[in-house]
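Asker: First residue of the sequence shown: 8, per this note's numbering; consecutive thereafter. One structure, as structure tokens, below. Some questions next.
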Amino acid sequence: MLIECTFCKTKAKIPDSKEGAKVKCGNCGKVYVAREPGAKGNARPSKSSNTPFVIGGAVVVGVVVVAILANSGDKPAPPPVVAEKPKVEAPKVDLSGYESSFCKLARDVYDAAYIGNAARLESMIHFPKLVEYRRTLPDGESLPTWDEMTALQKDDLKTATIESLTKGDGDEVVAKWRPFNGKVTLEEPANAEVRLEIAGREGDLQLENRNYDWKMALDKDGRWKVYAWTRYISAEEKKAAKVSVNKEITRVEVDGLSIKQADPRPLPHLDDTPPDVRKRIDELVEKVLDTNLRAKERTKVTADLVDLGKPALPILLTKMYEIQITDDKSLGQITIVHNLLKDITGKQVGFSPLGSGPESDKKRDIAIRQWFAWYLLSGERFENDKKKVGADALEGLVQPTERDKRAMEKDKAKGGG
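This is the structure in structure tokens:
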């Protein structure tokens, strides 16, 4: 093999067996390890491996570590500490206040009525229960049960009920109000009641707050639905209303008598008058004022209105306000209204429809104003009692003079009263 001096770079040839042996350079005389040119190291590479020694060392280290851990103590190492997650309290559920499910149901009725969503309203009303409730009212005795109603009657009832919630001139229309507070006043397995505080949405009603009671029941489909809604008047409201009414009442002297009177005005249906009854009253009043109506039919319509009683009063009084006496026809119509008011209430005023001249016109005007004064003062407390006669029948009303009495007797003899 060819070797090279590491000092003077002189090359020399030696047997392969001398590789790695120390040789003396023949040129410079220095001793170096025989290797091929470019090879590094001073010793011949060993054919043995260090791997067994590395593995053995690792095993020894492992045994030592296990021994140390085994002798470190009898108790096992404590588990790592895990920080507890903070407990999050479940949101409180309002079961009896404004956010309760019962109050939300009644609130949804107001929202649906305001936008005129008839389908939504129909799905939220328990109509069989509504009929059952209305049959318990004084004017609902003739109403058939839900099961007795024909499909057409049921559809008419649904339409009238929904229209009463969404349309109309009176201030009792639900669509004209918005709820802002409320609470559950009754909760039973199948029945519940809530009282909502409401405020007007538009116009003068925005200045007024009211309370309404809503009754609801569990339907056979497992859903809660409303079936009755009536105004609740608190003691404070009654007191304020009485003060307001008293301010509207004035007194005048007629034939030496002090008479209470109030300005005529349109009056809405009573709050608790059901929609179907309201519709019937409106139709009957228009019919009875038809001068072409046959006498026999007028008698029947008159009897129907008298039987309806108190709920018909505000509409009859409204007609008395609306009819302007300009001719015999209008005089006849207002006479019909006057006689109906007498028959329903059992009361009398100094009204002489057949009189003529300025004095008679004045008496008629006073009589109309007196009917309104009576209604403002006593209409709410009035209950149908046709047998009630005597001094109480004339309380607060104008006393007819002898001349008026003679005129009324003459009118009665001619078939006019």
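Virtual Cβ for every residue (Gly too), placed ideally from N, Cα, C.
#1: Counting pairs of beta carbons, one from the region 170–190 and one from the region 199–219, are three or more of them closer than 8 Å?
#2: With DSSP run on the structure shown, which of helix, strand or coil describes Arg371?
#3: Name the residue from Pro281, Thr309, Glu329, Ala374 whose alpha carbon lies nearest to the alpha carbon of Leu144.
#4: Going residue by residue through the region 286–356, where are the continuous beta strand (DSSP E) segments of at least 3 residues, counting only ones entirely within it?
#5: Under the DSSP definition of a beta bridge, which residues are partnered with Glu387?
#6: My output table needs one value for Ile266: the three-state DSSP class, helix, strand or coil.
#7: Near Val383, which residues of its chain fall below 8 Å by C-beta distance, leaving aside the five closest residues on each side in sequence?
#8: Under 8 Å Cβ to Cβ from Lys286, same chain only, skipping five residues before and after it: list those, please.
#9: Could you spell out the range, first to last residue, of the alpha helix (DSSP H) harbouring Tyr140?
#10: Nearest-angstrom Cα distance between Pro135 and Trp153?
#11: Taking the beta strand (DSSP E) that Asp115 falls in, what are its first and last residues?
#12: Quick one: give me the first and last residue of the alpha helix (DSSP H) that Arg217 is part of.
#13: What separation, rounded to the nearest whole angstrom, lies between the Cα atoms of Pro273 and Trp381?
#14: Relative to the C-alpha of Gly339, which candidate in Leu159, Asp297, Ser107 has its C-alpha closest?
#15: Asn198 and Ala224 - do their beta-carbons sit closer together than 8 Å?
#16: Is Thr257 helix, strand or coil by DSSP?
#17: Quick check: what's the CA-CA separation for Leu348 versus Ala374?
Answerer: Taking the definition as stated:
#1: yes
#2: On the sequence shown, residue 371 is found 364 positions in, with the first residue counted as 1. Looking at Arg371 - three-state DSSP - the assignment turns out to be helix.
#3: Translated into positions along the sequence shown, residue 144 becomes position 137. Out of Pro281, Thr309, Glu329, Ala374, Pro281 has the C-alpha closest to the C-alpha of Leu144.
#4: none
#5: Within the sequence shown, residue 387 is the residue found at index 380, counting from 1. Bridge partners of Glu387: none, in fact.
#6: Looking up residue 266 in the sequence shown gives position 259. Strand, per DSSP.
#7: The residue given as residue 383 occupies position 376 in the sequence shown. Checking the displayed sequence, the identity of residue 383 turns out to be Leu instead of Val. Result list for Leu383: Val252, Glu255, Ile256, Ala269, in chain order.
#8: For the purposes of this step, residue 286 is identified with residue 279 of the sequence shown, where counting begins at 1. Correct list, in chain order: Ala167.
#9: Here residue 140 refers to the residue found at position 133 when the sequence shown is read from its first residue. Per DSSP, Tyr140 belongs to the alpha helix (DSSP H) from 134–141.
#10: To locate residue 135, count along the sequence shown from 1; it is residue 128. To locate residue 153, count along the sequence shown from 1; it is residue 146. Answer to the nearest angstrom: the Cα atoms are 5 Å apart.
#11: Taking the first residue of the sequence shown as position 1, residue 115 is located at position 108. Where Asp115 is concerned, there is no enclosing beta strand (DSSP E), although the alpha helix (DSSP H) it sits in stretches over 108–122.
#12: Taking the sequence shown and counting its residues from 1, one reaches residue 217 at position 210. First-last for Arg217: 216–225, but that is the beta strand (DSSP E), not the alpha helix (DSSP H).
#13: The residue given as residue 273 occupies position 266 in the sequence shown. The residue given as residue 381 occupies position 374 in the sequence shown. About 15 Å.
#14: Position 332 of the sequence shown, counting from 1, holds the residue named residue 339. Closest option to Gly339, Cα to Cα, is Asp297.
#15: In the sequence shown, the residue the question calls residue 224 occupies position 217. In the sequence shown, the residue the question calls residue 198 occupies position 191. Yes, these two residues count as a Cβ contact at 8 Å.
#16: For this step, residue 257 is matched to residue 250 along the sequence shown. Correct three-state label for Thr257: strand.
#17: To locate residue 348, count along the sequence shown from 1; it is residue 341. To locate residue 374, count along the sequence shown from 1; it is residue 367. C-alpha separation (whole angstroms): 12 Å.
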